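Protein chains in written order, with my numbering: chain A, 86 to 241; chain F, 1490 to 1681.
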């Protein structure tokens, strides 16, 4: 509930900014705005319990950016990040294999590795994961990672 | 990343400059970056407009020039007046004798061809011809420049010696122009 409410609120405000000013918020500005809202609501009667990852492409500097925020409104810009119990495992995988000059396919393979670890170690059964790419051409869905894909990549 | 210059009732101006600072800082607090120029101007002008339409209060008797830089549109110059109307400019003037000053700028300012130094020279020229004073000295005027260096906005209020240098350069150019004019007149009168 909180995630939808909060995410929609932020999304609509970002769209409103675009309508008012005819240019978009940069990813860092949007992340700061999100953090500010989360922090303000934290000490109100109605805090939002939302952990989130915010990804965007900054057209001014032509670089992609990732921001990791927890429900206490602590935020950090990072090359890779994860939330939740699964994050304990996947962060180490990414620590080991992430490179700043990875290609999109290499990154997808890294995601598959992360999902394999989650399938192996997490007691909760989460078979399928969606993958979204953000680059200069916008937001796109890649093939979802299914148990079949995890198994296939293991053989390779 | 912005500076402003006011003309009119200083008491009203102080309230507005304070408000401008608040607007700027509030934006920075929310978004973590400097406010884009037009947004700042627009916000203040929305405020000014309210005083012209409701409340039984009087408008602010101030015109303001805003100079700034943002990543969307680069260097910008805006002018606002008591009605809350604002516009973007290449060069403009407010205050005493602004008519004369603007017409001078229209003649002398070359779009995309005037460098910062030339613009400073032009400002001195316009000021000396439109201010009601006999001689221009650094104590009587204040000049500021806004530039971008190393991805940062540099705002400098020119020190007295720099202004003195510009005034001297202008006076020399004026004297030379006068002398050249006199030469031409002599030649004309000497022609049979």
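Here a beta-carbon is modelled for each residue, glycine too, at the ideal position from N, C-alpha and C.
Model, not experiment: these values are computed from the prediction.
Beta-carbon contacts of residue i that lie in its chain and below 6 Å, excluding the five residues immediately before and after
i	result
residue 1649(F)	1627
residue 1525(F)	1559 and 1561
residue 1634(F)	1645
residue 1548(F)	1540, 1541 and 1571
residue 187(A)	none
residue 1625(F)	1617 and 1656
residue 1643(F)	1636
residue 1556(F)	1492, 1566 and 1635
residue 124(A)	158
residue 156(A)	134, 135 and 136
Spatial neighbours of residue i in its chain, beta-carbon cut-off 7 Å, leaving aside the 5 residues before and after
i	result
residue 1498(F)	1550 and 1551
residue 203(A)	171, 174, 175 and 211
residue 166(A)	138, 151 and 153
residue 229(A)	213, 214, 215 and 216
residue 1614(F)	1659
residue 130(A)	none
residue 59(A)	This structure gives no information on residue 59(A), because the portion of chain A shown stretches from 86 to 241.
residue 1652(F)	1627, 1630 and 1632
Proximal residues of chain F, C-beta to C-beta of residue i below 8 Å
i	result
residue 113(A)	1521 and 1522
residue 117(A)	1519, 1520, 1521 and 1522
Per-residue burial, residue i [other beta carbons within 10 Å of its own, 16 or more giving buried]
i	result
residue 206(A)	exposed
residue 1553(F)	buried
residue 1600(F)	exposed
residue 233(A)	exposed
residue 1563(F)	exposed
residue 1533(F)	buried
residue 169(A)	exposed
residue 178(A)	buried
residue 185(A)	exposed
residue 1678(F)	exposed
residue 1515(F)	exposed
residue 113(A)	buried
residue 93(A)	exposed
residue 1511(F)	exposed
residue 1504(F)	exposed
residue 1580(F)	buried
residue 1500(F)	exposed
residue 1612(F)	buried
7 Å Cβ cut-off: residues of chain F touching residue i
i	result
residue 145(A)	1560
Within chain A, partners of residue i - CB distance below 8 Å
i	result
residue 1518(F)	121
Same chain, Cβ closer than 8 Å to residue i, neighbours up to 5 away in sequence not counted
i	result
residue 1513(F)	1491, 1523, 1524 and 1529
residue 183(A)	164, 165 and 195
residue 1578(F)	1566, 1567 and 1568
residue 102(A)	109 and 110
residue 239(A)	201
Neighbour list for residue i in chain A, Cβ cutoff strictly below 9 Å
i	result
residue 1528(F)	105 and 106
Residue-level contact to chain B via CB, residue i, 8 Å cutoff
i	result
residue 131(A)	No chain B is present in this structure, whose protein chains are A and F.
Given 8 Å, three or more beta-carbon pairs between the stretch 1526-1541 of chain F and the stretch 1559-1577 of chain F: Note that the stretch 1526-1541 of chain F touches the stretch 1559-1577 of chain F; at least 3 beta-carbon pairs, one per stretch, sit closer than 8 Å.
Under 8 Å (Cβ pairs) to chain A, residues found in the stretch 1544-1556 of chain F: none
Near-chain F residues of the stretch 87-114 of chain A - C-beta to any C-beta below 8 Å: 106, 108, 110, 111, 113 and 114
The stretch 1512-1523 of chain F / the stretch 117-125 of chain A touching (three or more Cβ pairs under 8 Å): yes
Sufficient close CB pairs (3 or more, under 8 Å) joining the stretch 213-224 of chain A to the stretch 140-159 of chain A: In this structure the stretch 213-224 of chain A lies against the stretch 140-159 of chain A, because at least three pairs of beta carbons, one per stretch, are closer than 8 Å.
Inter-stretch contact at 8 Å, needing at least 3 Cβ pairs: the stretch 1600-1612 of chain F / the stretch 1584-1591 of chain F: no
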